[in-house]
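This report refers to the structure that appears directly beneath it.
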Amino acid sequence: MPNAGVYNPQGVGGTHVMYVLHHNDQPELYHNLPKDPAIDTSINLWKGALKPLSAAGFIATFAGLIYHYIGIGPNKEVDDDEEEHHE
Numbered sequence: 001m002p003n004a005g006v007y008n009p010q011g012v013g014g015t016h017v018m019y020v021l022h023h024n025d026q027p028e029l030y031h032n033l034p035k036d037p038a039i040d041t042s043i044n045l046w047k048g049a050l051k052p053l054s055a056a057g058f059i060a061t062f063a064g065l066i067y068h069y070i071g072i073g074p075n076k077e078v079d080d081d082e083e084e085h086h087e
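Quick note: the sequence shown uses the UniProt record's numbering, first residue 1, plus one each step.
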């Protein structure tokens with residue numbers, strides 16, 4: 001089998017699955033595997049730009065939580081007896 005091989009296209013950076021094909025030069029014969037696959041633009045955007053932005057949002061939210069706790073303090077429950085003394 002001179003054309004046998006492992007399906008590992010260059011356009012996707014690895015499939016994390018091993019496909020051993022009898023005809024590695026014709027992957028479209030096997031369940032319509034693409035010959036020259038590419039990663040979708042939305043996936044590149046999600047993995048590229050949105051990942052650091054979501055990390056920055058998490059850090060900003062956590063910083064706001066700490067700032068609120070230090071500046072204002074935790075919520076305090078007021079008992080009914082204490083409420084009557086203030087009136």
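Ideal Cβ positions, reconstructed from N, Cα and C, are used throughout, including at glycine.
| Excluding five sequence neighbours on each side, which residues of the same chain lie with their C-beta closer than 8 Å to the C-beta of ALA63? | none
| field | Sequence-distant residues of the same chain with beta carbon closer than 6 Å to TYR19, five excluded per side | value | TYR7
| request: Have a look at SER42 and PRO34 and give me their C-alpha separation to the nearest angstrom. | output: 19 Å
| I think ASN32 touches ALA4, with their Cβ atoms under 8 Å apart; what is that distance to the nearest whole Å? | ASN32 to ALA4, Cβ: 19 Å. No contact.
| field | Bridge-paired residues (DSSP) for residue 111 | value | Past the edges of the chain, shown from 1 to 87, lies residue 111, and the structure says nothing about it.
| request: Can you have a look at PRO52 and say buried or exposed, based on whether 16 or more other CB atoms are within 10 angstroms of its CB? | output: exposed
| task | Any chance you could list the alpha helix (DSSP H) runs of at least 4 consecutive residues sitting entirely within the UniProt domain "Formate dehydrogenase transmembrane" (39-82), in chain order? | result | 41-45 and 51-71
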